[in-house]
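Colleague:
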């Protein structure tokens with residue numbers, strides 16, 4: 003997480019939807035470095051016109067059918083310090099100390115002058131929030147950027163279930179693409195199990211997942 007792979011970095015000065023959508027199409031994604039900051043990376047996206055659920059997708063959805071999704075605009079007015087702690091603990095466990103501090107989470111969710119993200123997905127079970135995902139959304143695209151949830155949550159399918167529910171949300175709300183972050187390391191192969199998936203190779207979008215798996219398998 004601290005050694006984020008990118009070919010190029012840019013800062014958008016005009017953060018209007020059309021400009022942003024084009025930048026995502028050019029392989030860039032929003033980051034947390036500052037307002038308008040984007041990295042061109044090995045981005046992963048799903049063409050929602052061709053996306054269909056696989057049998058494995060359906061199995062995960064059945065295992066998480068008691069978890070529901072709702073969307074909330076950023077700045078998020080119901081922010082509580084426990085959200086920041088949940089994110090900090092999650093990313094620290096996954097990627098090491100200092101990856102995503104509680105203060106950075108709060109800024110990301112509440113400070114419109116600093117954040118590039120526009121929407122928070124909440125995942126609830128029996129009225130209790132069990133997961134979150136920080137996203138960028140406009141009429142054409144959804145960037146599912148920073149998901150997190152309590153690591154002791156008993157349903158081990160929650161991570162994949164959250165991602166699938168976000169994909170379905172994007173499709174149901176008429177998006178053309180959902181972006182799932184980047185392919186950085188061997189552990190990112192879990193993102194490759196969806197139909198309609200493409201990845202950015204530095205110049206073009208490719209559907210050759212075997213090539214991408216080969217790249218990831220040979221990444222330290």
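Residue numbers (our numbering): 3 to 222. Backbone N, C-alpha and C fix where the C-beta goes; we use that ideal spot for every residue, glycine too.
#1: Drop a sphere of 10 angstroms on the beta-carbon of residue 192, count the other beta-carbons inside from all chains shown, and report buried for 16 or more, exposed for fewer.
#2: By the 10 Å Cβ neighbour count, where 16 or more other Cβ atoms means buried, how is residue 75 classified, buried or exposed?
#3: For the beta strand (DSSP E) that contains residue 216, what are its first and last residues?
#4: Smallest Cα separation from residue 16: which of 9, 37 and 205?
#5: Quick check on this structure: which residue in 91, 77, 156 and 69 has the alpha carbon closest to the alpha carbon of residue 129?
#6: Applying the 10 Å Cβ sphere with the 16-neighbour rule, what's the burial state of residue 59?
#7: Taking the C-alpha atoms as reference points, what is the distance between residue 220 and residue 207?
#8: Could you tell me whether the segment 115 to 122 touches the segment 95 to 103, where touching means 3 or more Cβ pairs closer than 8 Å?
#9: Does the pairing of the segment 175 to 193 with the segment 77 to 88 give three or more beta-carbon distances under 8 Å?
#10: Within this structure, are the beta carbons of residue 66 and residue 157 separated by less than 8 Å?
#11: Under the three-state reduction of DSSP, which class applies to residue 173: helix, strand or coil?
#12: With which residues is residue 13 paired in a DSSP beta bridge?
#13: Excluding the five sequence neighbours on either side, which residues of its own chain have a C-beta within less than 7 Å of the C-beta of residue 218, listed in chain order?
#14: With the cut-off set at 8 Å, would you say residue 179 and residue 143 are in Cβ contact?
#15: I'd like the list of long-range same chain contacts for residue 131, defined as Cβ closer than 6 Å, with 5 residues on each side in sequence excluded.
#16: What's the call for residue 79, buried or exposed, on a 16-neighbour Cβ count within 10 Å?
#17: Taking C-beta to C-beta, are residue 166 and residue 48 nearer than 8 Å?
#18: Can you name the residues that DSSP bridges to residue 133?
#19: Does DSSP classify residue 198 as helix, strand or coil?
#20: Can you tell me the Cβ-Cβ gap for residue 53 and residue 173, rounded? I've got them flagged as a contact below 8 Å.
Modeller: Based on what the coordinates show:
#1: exposed
#2: exposed
#3: Per DSSP, residue 216 belongs to no beta strand (DSSP E); it is in the alpha helix (DSSP H), 211 to 219.
#4: 37
#5: 69
#6: buried
#7: 20 Å
#8: no
#9: no
#10: yes
#11: helix
#12: 39
#13: 185, 187, 188, 190 and 191
#14: yes
#15: 124
#16: exposed
#17: no
#18: 125
#19: coil
#20: 6 Å
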